Amino acid sequence: MLKIGLIGDIHGNLEALEAVLEYLSTKQKVDKIVVLGDIVGYMANPNECVELVKDYDCIQGNHDSTVVYGEDLDWFNPVAKEALIWTINELTDKNKNILRDFPLTKIYREEDFTISHGTLNSPEKFLYMDRSFEARESFDLMETQLLFIGHTHVPQYFISNGDNSFADIEMVSDIDYKREIQLQKGKKYIFNIGSVGQPRDHNYKSCFVIYDTDRKTIKYVRLPYKVKITARKVKKNRLPKFLYKRILVGM
């Protein structure tokens, strides 16, 4: 039996990360923590966040990749680009090398799940998945029952009942945080786990997932953290004003 905590889109938010790791280790007593990328970017503690997660199973997100390779900066909106340039200058070479060593995807065959920051098709392009037709391509490529992703910062999940046709795929965006999701044999699932460090579903609380491999259940969790401290750090480091405003309201 394994109880696995899946977290991602931390984005240099130390206060959120510390709260989530404390919750997973002490209150949930998880056996494993898996990180779905975007450890850095946006917020003011990229080095501390890399150092906290480096010994867990991690994959790269698009912000991590850009910080490491210095490419694709023009792909980002002006706010994200400004924060990334700040992060590139702030991050130590040691921590850049740590991020560089993380893969883009990983398969856990024994526990029957896969992780990717975005879609499974062309993972190096970090494509978004928030509609059924985008999920369909990843369902076709899945070698496991479950796929966990991030990238959009919005929790939702997709269910394929068999043939992966467009009509076959169910999308669920209204998450019930009070109930567990019971996995069913013969179905495949893609879970977007939301964001630890910068949720965008109008809820500032960190969002992540717990997967119980024995009971075959998924639980979405929302956890408060000291968001005002994070906002003050963003302001102190003269990062874009929009960043500290958005984390206060989860947008």
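In terms of the working numbering, the sequence shown opens at residue 184 and continues consecutively.
Cβ atoms here follow ideal geometry from the backbone N, Cα and C, with glycine treated the same way.
Just so it is clear, the structure is predicted and the values come from calculations on it, not from any experiment.
Beta-carbon separation (whole angstroms), residue i vs residue j, contact threshold 8 Å
i	j	result
Gln339	Asp359	Wrong, their Cβ atoms sit about 12 Å apart, outside the cutoff.
Lys416	Asn228	7 Å
Ile193	Gly433	Their Cβ separation, rounded to whole angstroms, is 15 Å, which puts Ile193 and Gly433 out of contact at 8 Å.
Leu303	Leu330	7 Å
Gly191	Ser378	7 Å
Ile376	Glu198	Not quite, the Cβ-Cβ distance comes to about 19 Å (not below 8 Å), so this is no contact.
Val233	Leu282	7 Å
Val392	Leu189	5 Å
Ile332	Leu219	7 Å
Thr335	Tyr311	6 Å
Glu294	Leu185	6 Å
Ala202	Tyr394	Not quite, the Cβ-Cβ distance comes to about 20 Å (not below 8 Å), so this is no contact.
Ile401	Phe374	6 Å
Limits of the unbroken alpha helix (DSSP H) element including residue i
i	result
Asp323	315-324
Phe425	424-432
Asp395	Asp395 -> not in any alpha helix (DSSP H); beta strand (DSSP E) instead, spanning 389-395.
Thr270	261-273
Ile281	276-283
Tyr252	245-252
Cβ neighbour criterion (16 or more within 10 Å) applied to residue i
i	result
Tyr427	buried
Ile187	buried
Ile222	buried
Arg429	buried
Asp384	buried
Tyr372	buried
Phe316	exposed
Met354	exposed
Thr275	exposed
Gly345	exposed
Asn278	buried
Tyr387	buried
Gly301	buried
Ser356	exposed
Ser343	buried
Leu431	exposed
Pro261	exposed
Ser389	buried
Ser299	buried
Gly369	exposed
Tyr239	exposed
Host beta strand (DSSP E) of residue i (start-end)
i	result
Asn375	371-375
Ile342	339-343
Lys289	288-291
Ser299	296-299
Val355	352-355
Leu366	First-last for Leu366: undefined, no H or E at that position.
Phe331	329-332
Proximity test, residue i beta-carbon vs the ligand MG heavy atom, cut-off 7 Å
i	result
Thr249	Among the components modelled here there is no ligand, and therefore nothing to report on the ligand MG.
Any chain C beta carbon closer than 8 Å to residue i
i	result
Val233	Here there is only one protein chain, and chain C is not present.
- Query: Are the region 321-332 and the region 257-266 in contact at 8 Å, needing three or more beta carbon pairs?
  - Reply: no
- Message: I want to know whether the region 280-297 touches the region 241-257 - three or more CB-CB distances under 8 Å.
- Response: yes
- Query: At which residue ranges does the region 185-234 contain complete beta strand (DSSP E) runs of 3 or more residues, listed in the order of the chain?
  - Reply: 186-190, 215-218
- Please confirm if the region 247-254 is in contact with the region 269-279, defined as three or more CB-CB distances below 8 Å between the two stretches. yes
- Message: What ranges does the alpha helix (DSSP H) occupy inside the region 397-421, keeping only unbroken runs of at least 4 residues that lie completely in it?
- Response: 410-419
- Query: Does the region 205-222 touch the region 362-370, meaning 3 or more C-beta pairs lie closer than 8 Å?
  - Reply: no
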